[in-house]
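Here it is, written out as structure tokens:
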């Protein structure tokens, strides 16, 4: 079921900007869907859209209240429940990135049933998945992969979608995490599905399509991350990508949440291609997307040039320079 | 929570022997725990243990009724529910390999609560897992891996446990599937955990232990299976094995449930070691366990000799010949 737009972004009493990163991600990529934000007293985050009451948002056409903020301690404050119920009564659906399912909050569940509103839990798959089949599907697919978690895989897939659409190509971002689902109104958090169904969920996510249609699939984790490699591999097999784009953050030394050193770009690409050939023998890597925000300004160009020479691939920072060279390579390499 | 033994095996109205394979697996490895079987009219399976009523089983000391049979169509027949409730009233716990949770059957749930009995759902993890940490644990671990699903990974891990215990070693089989959980009274179906927690579940399963203690971890799936490789990889990373044993069925040409050709033994071992080095840099392969039941009798010895020459590893059929040579190699290679 698609999440209805436009959105009213609920930021609660977020203690800082990072706590609201889901809401901020939606504004980054779909500002036209965000009529405003609703902040409670003490909120330190700002999505840069107008502050609106629920009534004002409804008058501006809002269809869904998006809880795009992490609540500290995991306990849902009473003031949040009140806001959610008021939104349902005013005619909004609610989409939540909280761990707790909205249906498990009695007041919220009762209000949704009474007013016939939809409750979307972005962290809980709404679909019944099956095991992956590994059968070939029509259409073309790109998957973003990374040397680590949080190195720009979602951002890069979205930048590819934007660039390809600007070139008049049929291109759809396919979301595998909660922020991505809000941005595309559809998708699933693949890390929350039953382990047996990871590749099946990825197959559901990027079904057969026109021969000239591109799916840009948001990657998860890293094939070298000791916590999440299983999810990464199931997603790789299910997405059966024709091409991958390697995402990297050059100043990071340890893999997120671990004492493991960051793997090399080379070994990550090689291993992804080795494993990915199972479900798509023609898989290739068409570029390197680098988050250079932590590099000294003067080193960026030299660093990217070095990567291009070393790997024979276009290397670019999607935020600074866009992904034009990667799309050029993609279109040249995938028939 | 450990499942209490001994067991009364419930075979229901199993249409054939394969339908009761969970019960048969328990009898194979823990005959001393199986006081008898309970079969309904029309049952075509036979576990080779005495037919007992629930009252007779209780008198013989049974503690748990084990539903070790697949029900056709997924609907739970009323006669089964009646039997389960009678068992609970008679003082037995119930362990079930059915997809449907026992607690979701109102009569069963009520009887369990009333009589204070435990309900074990072997396909639904009872633990709350977290993400894997990848931290080194003490003790030694062996994981069975395979060129495909259903090639003897559970059987081989159990045969290793038996051989090592006979040699006076500290060795524990660690179950990752429902039959294995019944055989070891503990464990979890790793393919049923949330994808994010696969490696975390494997870490929980084989915790730190004495330096001279061996965990024999039951493998799942295959690193080259398009449906299940994610589970296989998460289990590999979480188990952080010092050694793996490769399991193979030589007459199979397609991977189970797919049109994919069986991968080679060589590429399976190489890929497992390449990926497994992440959480255990000393990982090695110490043997090949072959299910030769489908090979012509006269070819078995020559086939195994050929494998030994080709791979420089002991190759044996655990059922025909035991796993002595593999344990010899293991003890010689893992300090």
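Chains as they are written, first to last, in my numbering: chain A, 306 to 640; chain B, 306 to 640.
In this text, a Cβ means the ideal position worked out from N, Cα and C, and glycines have one as well.
Item                                                                                                                                                                          : Value
Given that residue 437 of chain B touches chain A, what residues does it touch there, using C-beta distances under 7 angstroms?                                               : 531, 532
Is any non-hydrogen atom of the ligand ZN found closer than 7 angstroms to the C-beta of residue 603 of chain B, if you look at the structure I gave you?                     : Here there are no bound small molecules, and the ligand ZN is not part of this structure.
Using a beta-carbon distance below 8 angstroms, is residue 503 of chain B in contact with chain A?                                                                            : yes
Look up residue 347 of chain A in the DSSP assignment and say whether it is helix, strand or coil.                                                                            : coil
Use the C-beta contact count for residue 365 of chain B: other C-beta atoms within 10 angstroms, 16 or more gives buried, fewer gives exposed.                                : exposed
Does residue 502 of chain A come out as helix, strand or coil in the three-state DSSP assignment?                                                                             : helix
CB residue 447 of chain B to CB residue 521 of chain B, shorter than 8 angstroms?                                                                                             : yes
If residue 442 of chain B and residue 512 of chain B are in contact, beta carbons under 8 angstroms, what's the gap, nearest whole angstrom?                                  : 6 angstroms
Buried or exposed: residue 306 of chain B, going by 16 or more other Cβ atoms within 10 Å of its Cβ?                                                                          : exposed
Considering only residues of the same chain and omitting the five flanking positions on each side of residue 425 of chain B, which have a CB-CB separation below 6 angstroms? : 308, 400
Out of A/398, A/350, A/598, A/494, point me to the one whose CA is closest to residue 434 of chain A's CA.                                                                    : A/494
Grab the span of the beta strand (DSSP E) containing residue 404 of chain B for me, first residue to last.                                                                    : Run containing residue 404 of chain B: none; DSSP gives neither H nor E here.
For residue 349 of chain B, count the other beta carbons within 10 Å of its own beta carbon; 16 or more makes it buried, fewer makes it exposed. Which is it?                 : exposed
Taking beta-carbon pairs under 7 angstroms, can you tell me which members of the stretch 481-499 of chain A lie near chain B?                                                 : 495, 496, 497, 498, 499
Taking buried to mean at least 16 other C-beta atoms within 10 Å of its own C-beta, is residue 380 of chain A buried or exposed?                                              : exposed
Output the distance between the C-alpha atoms of residue 404 of chain B and residue 412 of chain B, rounded to the nearest integer angstrom.                                  : 17 angstroms
By the three-class DSSP mapping on this structure, what secondary structure does residue 483 of chain A have?                                                                 : helix
Figure out for me which residue from A/583, A/410, A/422, A/406 has the closest Cα to the Cα of residue 544 of chain A.                                                       : A/583
Given that a residue counts as buried once 16 or more other Cβ atoms are within 10 Å of its Cβ, and exposed if not, what is residue 556 of chain A?                           : exposed
Could you please give the first and the last residue of the uninterrupted beta strand (DSSP E) stretch that includes residue 313 of chain A?                                  : 312-317
Just to confirm, is the Cβ distance from residue 398 of chain B to residue 419 of chain B under 8 angstroms?                                                                  : no
Does the distance from the C-beta atom of residue 658 of chain A to that of residue 478 of chain A stay below 8 angstroms?                                                    : Within the shown structure, residues of chain A are numbered from 306 to 640, placing residue 658 of chain A beyond reach of any answer.
Would you call the stretch 581-599 of chain B and the stretch 455-463 of chain B in contact, with 3 or more CB pairs under 8 angstroms?                                       : yes
So if I threshold CB-CB distances at 9 angstroms, which residues from the stretch 561-586 of chain A count as touching chain B?                                               : 562, 563, 564, 565, 568, 576, 579, 580, 583, 584
Can you list, in chain order, the residues of the stretch 327-340 of chain A whose Cβ is nearer than 7 angstroms to any Cβ on chain B?                                        : none
Would you please verify whether the beta carbon of residue 539 of chain A is less than 8 angstroms from any beta carbon of chain B?                                           : yes
Between which two residues does the alpha helix (DSSP H) containing residue 570 of chain A stretch?                                                                           : 570-581
Which two residues bound the contiguous beta strand (DSSP E) that contains residue 454 of chain A?                                                                            : From DSSP, residue 454 of chain A is part of no beta strand (DSSP E); its letter is neither H nor E.
How long is the line joining the alpha carbons of residue 346 of chain A and residue 383 of chain A, rounded to whole angstroms?                                              : 13 angstroms
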